[in-house]
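Scroll down for the structure; my scribbles are underneath it.
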Amino acid sequence: QSCSWREAQKRQANPISVRLPIAALTMQTLSILPLILCCCIALDHSLGAEFGHLGCFVDTATRDINGLDGWSTIGPYSVTWSSGGTVELSNMTVQLCSEICAYGNFRYFGLQHSSFCFCGNSYGRHGSAADSDCNMACAGNSAQICGSFGRNSVYRQVYNRPDSKYFALADRDYANLTSTSGPFYRTEQPVRSLTECVYRCDADCQAVLFHLDACHLLRFAVLPHELKTVAGKFAIRV
Numbered sequence: 001q002s003c004s005w006r007e008a009q010k011r012q013a014n015p016i017s018v019r020l021p022i023a024a025l026t027m028q029t030l031s032i033l034p035l036i037l038c039c040c041i042a043l044d045h046s047l048g049a050e051f052g053h054l055g056c057f058v059d060t061a062t063r064d065i066n067g068l069d070g071w072s073t074i075g076p077y078s079v080t081w082s083s084g085g086t087v088e089l090s091n092m093t094v095q096l097c098s099e100i101c102a103y104g105n106f107r108y109f110g111l112q113h114s115s116f117c118f119c120g121n122s123y124g125r126h127g128s129a130a131d132s133d134c135n136m137a138c139a140g141n142s143a144q145i146c147g148s149f150g151r152n153s154v155y156r157q158v159y160n161r162p163d164s165k166y167f168a169l170a171d172r173d174y175a176n177l178t179s180t181s182g183p184f185y186r187t188e189q190p191v192r193s194l195t196e197c198v199y200r201c202d203a204d205c206q207a208v209l210f211h212l213d214a215c216h217l218l219r220f221a222v223l224p225h226e227l228k229t230v231a232g233k234f235a236i237r238v
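Quick note on numbering: the sequence shown equals residues 1 to 238 in full-length UniProt numbering.
Structure below.
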C-alpha cells in the first residue's frame, strides 16, 4: 500500500536561502522539493515533520517515552518534572506535540491525559494497550485523542529532509541538558570554515556551532547553556 507525503513546513530559522552542502567546498542555494515516498501508516504534517499514528501504549512512573529527561526547555516550551520530563499545555493537540518534539529532532512522541506531550527516540518498553484504552480528547482539539491515564497515544516523526546533507543558519535555542549516555556535543579543532564544520557532522549530529577554529558538533538542534557565551554561526539540518 502506498501514499504520498505532503510537504511539511520548515522549522523556524533565520529567513535565509543559503544552505551548506557537506560534500561541497562553497555555499550554494538549493530548492528543497516535496518528497514522495511509500508508507504503511497514515501521515499528517506539522512544523518541520510528518507524523503517523502507531497506536496506544502503556506508560508507568518509569516513563516509556523519556527523551526530555534533563531538559528544562525545548524550543519556547517549558519542560515540567511534576509528571516526569513532559510538556503540559492547556491547548495541547497532536500537531502541537509534534512541533514541540521537532525542536529536538525526536523520532517519537506520545500524548497522555489530554494535555501532556512526551518526546523520545524509543517507545513500547511497557507494552501495547488496546486502542480503546486511549480515549481522552486532546485539551486543544476535542476531535483528537490524546491518550488517557497511564496510556500514551504514540506517533512516529518523519522529518521532511529530502537531502539531510544540507544545513541552514538558525536562531539559537538553549536548554539545560544532562545525560547518562554521553555528552550532548563534542568539539573538534582546528577547523578552517563553517563548510568544513558541517562536513564533520555525522548521522548522530543534528547541528553545529562554528567559532574561530572550533567546531562544536551537537546531538540535538539546540545549544546547551554551557555554550551560551560562545559566539559564531549556528546551523541545523534542514
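Quick reminder that beta carbons are idealized off the backbone N, C-alpha and C, glycines included.
All values derive from a computational prediction rather than experimental measurement.
Distance from the CA of ALA207 to the CA of TYR103, rounded to the nearest whole angstrom, comes to 11 angstroms.
One Cα belongs to LEU227, the other to TYR185, and the distance between them is close to 10 angstroms.
Per DSSP, reduced to three states, the secondary structure at HIS53 is strand.
Residue environment for ASN66: buried (at least 16 other C-beta atoms within 10 angstroms of its C-beta). Between the segment 127–147 and the segment 67–85 there are fewer than three C-beta pairs closer than 8 angstroms, too few to call the two in contact. Counting along the chain, ILE65 sits inside no alpha helix (DSSP H), nor does DSSP assign it H or E at all.
Every beta strand (DSSP E) stretch that sits fully inside the UniProt domain "WSC" (50–158) and reaches 3 residues is listed by chain position as 108–112, 116–120, 141–145. Within its own chain, the residues whose Cβ lies closer than 8 angstroms to the Cβ of ILE100, once the five positions on either side in sequence are excluded, are ILE74, GLY75, TYR77, VAL87, PHE109, CYS117, CYS119, listed in chain order. A distance below 7 angstroms between beta-carbons, with the five flanking residues on each side excluded, links PHE149 to the following residues of its chain, in chain order: HIS113. Counting other Cβ atoms within 10 Å of its Cβ, LEU209 reaches 16 or more and is therefore classed as buried.
Of all alpha-carbon atoms in ASN121, LEU212, GLY52, the one lying nearest the alpha-carbon of PHE220 is that of ASN121. About 18 angstroms separates the CB atoms of VAL58 and ARG156; that is not less than 8 angstroms, and the two are not in contact. Secondary structure note for THR195: its alpha helix (DSSP H) is the uninterrupted segment 194–199.
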